[in-house]
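Asks:
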Amino acid sequence: MIKKAVHENLGEIVQVLEEVKVHMLNKGIDQWDEEYPNRLILAQDIDNCEAFIYEDQGELLAYMTLNEKYDDEYNDLDWKTSSPFIVVHRLFVKPAAQGRGISSKMIEYVEQYASICSYRSIRLDAYSLNNTGNVVYLKKGYARVGEVYFRKGKFYCYEKAIEGS
């Protein structure tokens, strides 16, 4: 169900992203817009072999990017683990499929991936007004280590150590 994205998936990924943006705006969350994320960024994720999709019966329902890249703002936070770590970016689930545990499955996949690849931890940030996302990360055992400010405002930063690393 979860696999690396290929360029043939790009159109469907962008379509789902646009649905997510509208859904978030309707809930008063202006986290994403035409500037970020966009088709070019998603294509670069695929080019870099960092894009992952969740499909069910041939339908693309979720997307995320995994890599070791992070913004400079991360340097000022009190992370509990050292390198190497992996960072989750742009995790989104098609609105019609939300509430079915897909984001939890994506997070579980990241944890397995991180363990197999010998990462010491997983790091990510979530928009402060995205209550659903923040609740999911806390429920999955991620510790909030601080906050950073990006173009759209305040983001909470989370980390989870990988057992056995």
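Counting from 1 along the sequence shown, just add 1132 to a position and that's the residue number in our numbering.
All C-beta atoms in this analysis are idealised placements derived from N, C-alpha and C, irrespective of residue type, glycine included.
1) Taking the alpha carbon of Asn1262 as the point to measure from, which residue in Lys1237, Ile1185 and Tyr1288 has its own alpha carbon closest?
2) Relative to the C-alpha of Ala1183, which candidate in Met1156, His1155, Val1146 and Asp1204 has its C-alpha closest?
3) CA-CA distance, Ile1254 and Glu1291?
4) Consult DSSP for Tyr1245 and reduce its assignment to one of helix, strand or coil.
5) For the pair the segment 1260-1274 and the segment 1235-1242, tell me if three or more CB-CB distances fall below 8 Å.
6) Give the secondary structure of Met1156 by DSSP, where H, G and I count as helix, E and B as strand, and everything else as coil.
7) If I'm right that Leu1193 touches Lys1226 with Cβ under 8 Å, what's the distance once you round it to whole angstroms?
Replies: On the basis of the supplied data:
1) Tyr1288
2) Val1146
3) 6 Å
4) helix
5) yes
6) helix
7) 5 Å
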